[in-house]
Amino acid sequence: MSVDLLRPIMISKPRLVLWTVFLSSCLGWHTERSAADQIVLRDLTILTNRRVEQFNEDDIRLDNGQRLGWDQIEKAQISNDQARFNQLLSELGTPLYRIRQRLKVGDYSALLRHAETLYSRYSARRSKTAYMVVQAVMWGRLAAGQRALAVEPYLRCYHLLRGVGDQPIPLPGKRRLQFDAETGICKEFLPLWFDRTAAASALKQVTTLIEMTATPCPAAHLYQTALVFASAAPAAELAAVSTSSKLTLARQFASILQVQREVLMGQPGTAMLNLESALSRVDPSLRPLAFYWLGRSHLLKQDPLQQRQGLLLLLKIPALHHRTFPNIAAAGLAYAAQTLHDAGDERASAALQRELSTRYSGSWHALQQGEQTDVKKPTEKSP
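Heads up: the sequence shown runs through residues 431 to 813, numbered per this note's numbering.
Right, dumping it as structure tokens:
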């Protein structure tokens with residue numbers, strides 16, 4: 431074979447060097463690109479054949495449409511904006527993971543501090559992650575006894591859930607928010623608050639949220655009114671409550687608020703009579719609240735029979751609703767105990783105080799009773 435025949439397939443040394451450099455750079459670029467998209471999940475799964483298309487506070491979206499939460503990721507190398515990715519992972523990953531784990535086991539008190547650190551960041555967002563955080567704040571505050579401050583995150587939860595229609599937003603654990611879809615009235619708490627400072631703080635939050643919401647639900651204005659009443663000074667002049675809603679549950683709620691207004695102003699009147707005549711038709715979720723304010727209203731009367739009826743209504747709450755609404759039951763016991771104490775029945779008052787401190791030890795009234803060490807407690811004689 432001649433040299434001329436071999437020459438077309440021979441590559442000169444300089445060209446060989448250039449081809450080698452080119453191929454090496456291509457291989458190197460491919461290796462870097464693959465390594466940059468490695469994602470290690472908390473369960474130690476390693477994703478190497480996927481690319482991160484975009485990410486924000488809500489989640490990370492991959493090139494196949496899969497979405498990952500920040501709580502799922504242990505670490506990652508990505509080809510775009512690694513510094514921002516690392517920052518979000520550092521700030522969000524662990525708190526979201528703690529929230530998810532505690533929601534799974536129902537440890538609502540322990541999740542509150544993690545949820546509160548993220549609340550301002552997620553409260554106005556609309557995503558699955560945002561709902562998990564806001565719901566955790568609501569349940570965490572309820573578990574911590576911050577009942578008035580749970581109203582604003584509840585209203586945010588309601589609007590998030592209503593925004594997706596019949597499609598539920600997945601949430602860790604078995605618990606699901608209980609509410610009336612038509613009115614927005616929550617069935618997990620009743621608007622009975624006694625800490626005026628906390629109520630005033632909650633009122634500001636709820637008012638701001640209402641002003642920012644295009645169409646607030648009926649419950650938002652009712653809760654706002656209840657917070658106005660709870661934060662008002664004793665015997666203050668309070669505006670009347672409209673009871674003309676076409677929605678039955680909202681109308682019943684407003685009727686109870688009207689009775690509360692009369693009691694707080696020391697003027698029981700027609701609202702009490704109207705509610706009492708309709709008591710059997712009041713929704714079971716509102717009935718403990720109706721018992722409480724009707725009981726307080728009867729106790730303002732001078733007639734001993736009406737006062738006795740008031741005590742019976744207050745004591746109905748712990749008898750019938752001690753499991754579902756323990757804070758309302760505690761309030762009924764506390765007011766009945768104080769009434770009996772003022773009437774000179776120390777024995778009966780002491781019995782109710784003991785029940786309050788043992789069965790409802792975490793309630794606002796039990797804690798207040800425990801703090802009043804300067805008040806001499808009545809001593810019950812042995813039979």
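For each residue, glycine too, the CB sits at the ideal point set by N, CA and C.
Counting only the same chain and skipping the five closest in sequence on each side, list residues whose C-beta sits under 6 Å from that of tyrosine 527. Asp501.
For phenylalanine 609, write down the residues that DSSP places opposite it in a beta bridge. Cys616
Give, in chain order, every unbroken run of the alpha helix (DSSP H) that is at least 4 residues long and sits entirely within the segment 702-732. 717-729
State the CB to CB distance for the pair valine 636 and valine 581, rounded to an integer number of angstroms; the pair is presumed to be in contact (CB under 8 Å). 6 Å
First and last residue of the uninterrupted alpha helix (DSSP H) at arginine 789: 776-789
So, with DSSP's three-state summary, where would you put glutamine 484? strand
Valine 563 versus glycine 523: straight-line alpha-carbon distance, rounded: 13 Å
Can you confirm whether the segment 606-614 touches the segment 578-596 when touching is taken to mean that 3 or more C-beta pairs between the two stretches lie within less than 8 Å? yes
Excluding the 5 residues flanking histidine 795 on each side, which residues of the same chain have their C-beta closer than 7 Å to its C-beta? Closer than 7 Å at Cβ, skipping near neighbours: Ala760, Ala761, Ala764, Leu786.
At what residues does the beta strand (DSSP E) containing valine 470 begin and finish? First-last of the beta strand (DSSP E) with valine 470: 469-471.
From leucine 657 to tryptophan 623, what distance separates their C-alpha atoms? 8 Å
Could you check whether alanine 545 and valine 567 sit closer than 7 Å to each other, using their CB atoms as the reference points? For valine 567 and alanine 545, yes; Cβs fall inside 7 Å.
When the Cα atoms are used, what is the spatial distance from proline 602 to leucine 743? 39 Å
Rounded C-beta distance between leucine 716 and phenylalanine 755? I'm assuming under 8 Å. With a Cβ gap of about 10 Å, leucine 716 and phenylalanine 755 do not count as contacting.
Going along the chain, which residues of its own chain have a beta-carbon closer than 7 Å to the beta-carbon of glutamine 484, five neighbours each way excluded? Arg491
Output needed for alanine 574: all residues of its chain with C-beta closer than 7 Å, excluding positions within five of it in sequence on either side, in chain order. Ser539, Leu542
6 Å CB neighbourhood of glutamine 825 in its chain, flanking five on each side removed: Beyond the ends of the chain as shown, which are 431 and 813, falls residue 825; an answer cannot be given.
Can you tell me whether isoleucine 476 is buried or exposed, with buried defined as 16 or more other CB within 10 angstroms of its CB? exposed
Enumerate, from N- to C-terminal direction, the unbroken alpha helix (DSSP H) stretches of 4 or more residues contained entirely within the segment 479-535. 512-535
Mapping the DSSP letters down to three states, classify leucine 477 as helix, strand or coil. strand
Beta-carbon proximity list for arginine 497, same chain, < 8 Å, skipping 5 on both sides: Asp489, Ile490, Arg491
Glutamate 641: first and last residue of the uninterrupted alpha helix (DSSP H) it sits in: 626-642
According to the Cβ coordinates, are proline 621 and tyrosine 584 closer than 7 Å? no
In terms of alpha-carbon separation, which member of Asp625, Ser707, Asp537 lies closest to phenylalanine 659? Phenylalanine 659 has its Cα closest to that of Asp625, out of Asp625, Ser707, Asp537.
Tell me the rounded alpha-carbon separation between threonine 372 and alanine 670. Lying outside 431 to 813, the shown extent of the chain, residue 372 is not represented and no answer is given.
Arginine 530, buried or exposed, once every other Cβ within 10 Å from all chains shown has been counted against 16: buried
Indicate the three-state DSSP secondary structure (helix, strand or coil) for aspartate 537 in the structure shown. If DSSP states are grouped into helix, strand and coil, aspartate 537 belongs with coil.
Nearest candidate by alpha-carbon position, reference leucine 705, set Thr627, Gln798, Ala650, Trp723: Trp723
When you compare only the Cα positions, how much space is there between serine 557 and proline 525? 17 Å
Since cysteine 587 is in the alpha helix (DSSP H), which residue starts that stretch and which ends it? Looking at the DSSP string, the run of the alpha helix (DSSP H) that includes cysteine 587 is 581-593.
Using three-state DSSP, classify tryptophan 623 as helix, strand or coil. coil
For serine 553, three-class secondary structure by DSSP: coil
Out of Pro648, Leu633, Thr769, point me to the one whose CA is closest to alanine 662's CA. Leu633
Rounded to a whole number of angstroms, what is the C-alpha to C-alpha distance between histidine 651 and tryptophan 569? 21 Å
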